[in-house]
Structure formats: structure tokens, C-alpha cells
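Trainee: In the working numbering, the protein residues as written are 178 to 337.
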Amino acid sequence: DVSGALCISQAWPGMARTIYNNHKRFLETYLTPYPGFFFTGDGVYRTSEGYYQLTGRLDDIINISGHRLGTAEVENVVNHHVAVAESAVIGYPHEIKGEGEMLSFLPRNISLGAMALQWEETLAAELQELITKKIAKYAAPDYVQVTHTGWSNIPPGRLA
């Protein structure tokens, strides 16, 4: 098992060849970091069986009180919780820490009825504790938002 940067050794049809009006930036971003390879900007994990799993953008970093934290790192911890289907982590401006962290997650299809709100609050606390244990205390999100599956069924342009 190994993880690192996803790089490609050969060109392919449709591959970007430059950035409009900024070829130097293209070279510095995609070809200079790993000479002889095209750097995609993504992290990857390869299992001992040879399977690949993209772990997220390597440049998607939040700076919390001077600690650089990859959003994919937090999402990976959260997504391993049995009650979580998907998650997303974003940074937001924080006047004391520089950036704060917000976690939004989609729970697995669990029907709890009247107990749903209490369960969501308990799960949010569990996720914050899990992140604290697996990464560090500073990595625990300031805000946790539960996204419900019905939200995605709203037709585009009809959020109100």
C-alpha cells in the first residue's frame, strides 16, 4: 500500500498543452514538479492488489492556526464512519484562526423518525471526536452540517 501524487508518464488525446496566455504557469504547475511526468494535481492511494483510489486535490488545503490540513484527509476519516455515505470539507475565513473548517455530510439511508435530530447531533459529535483522534484536535470542524437525501431531489433553480 502506497500513497502519493498522481502523475502520468505519457500524453493522451485531449490533454492540456498550455494555459491560455500563461504557458510558464502551465509548465510550473504540471510539468516541473515531477520531471518527465504530467502532474494531475490529485493525490492517489494504491492498494497491495494494484487498485487505485483518488484521495482528492493536493492543493485543496486549509490553514487552521498555522496547521496545513488537506480537506481530503478529513473527508477520508469521516467517510469511514458506518453512518456516513459522503462528506465534504470546506474552509471559511475565521478572524482568530485564519481559516475555520466546516464539514457537511450525507448520512446513509437510516430512518429514525422523531429521533432524527437527536441522532444527527450525536453523530456530529462522534465525527468531531473521530477526527480529533485520527488526525488532531485542530482538525475537528467548527461546524457540522447534515445534508439530507431529499435535498438533492429538488429541481435545479428551485431552492426556496
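For every residue, glycine included, the Cβ atom is placed at its ideal position computed from N, Cα and C.
Compare the C-alpha of Leu235 against each of Gly227, Ala182 and Leu280 and name the closest.
Mentor: Ala182
Trainee: Taking all protein chains shown into account, decide if Met192 is buried (16 or more other Cβ within 10 angstroms of its Cβ) or exposed.
Mentor: exposed
Trainee: DSSP state of Ala188, grouped into three classes?
Mentor: coil
Trainee: For the ligand ATP, is there a heavy atom less than 7 Å away from the beta-carbon of Pro212?
Mentor: In the structure shown, the ligand ATP is absent, as is every other ligand, since no ligand is present at all.
Trainee: Can you give the Cα-Cα distance for Lys274 and Ile241, rounded to whole angstroms?
Mentor: Their backbone Cα atoms lie some 6 Å apart in a straight line.
Trainee: Counting pairs of beta carbons, one from the region 254-266 and one from the region 279-287, are three or more of them closer than 8 Å?
Mentor: With a cut-off of 8 Å, the region 279-287 and the region 254-266 count as touching, because enough Cβ pairs lie within range.
Trainee: Beta-carbon within less than 7 Å of Gln305's beta-carbon, same chain only, minus the 5 sequence neighbours each way: which residues are those?
Mentor: Ala317, Pro318 and Val321
Trainee: Determine, using beta carbons only, whether Val266 and Glu252 come nearer to each other than 8 Å.
Mentor: yes
Trainee: Does the Cβ-Cβ distance between Lys311 and Val254 come in under 8 Å?
Mentor: yes
Trainee: So the candidates are Gln187, Glu278 and Arg223; which of them puts its Cα closest to the Cα of Gly344?
Mentor: Given a span of 178 to 337 for the chain in the structure shown, any question on residue 344 remains unanswerable.
Trainee: Note down the Cα distance separating Thr248 from His200, rounded to an integer number of angstroms.
Mentor: Approximately 29 Å, taken between the alpha carbons.
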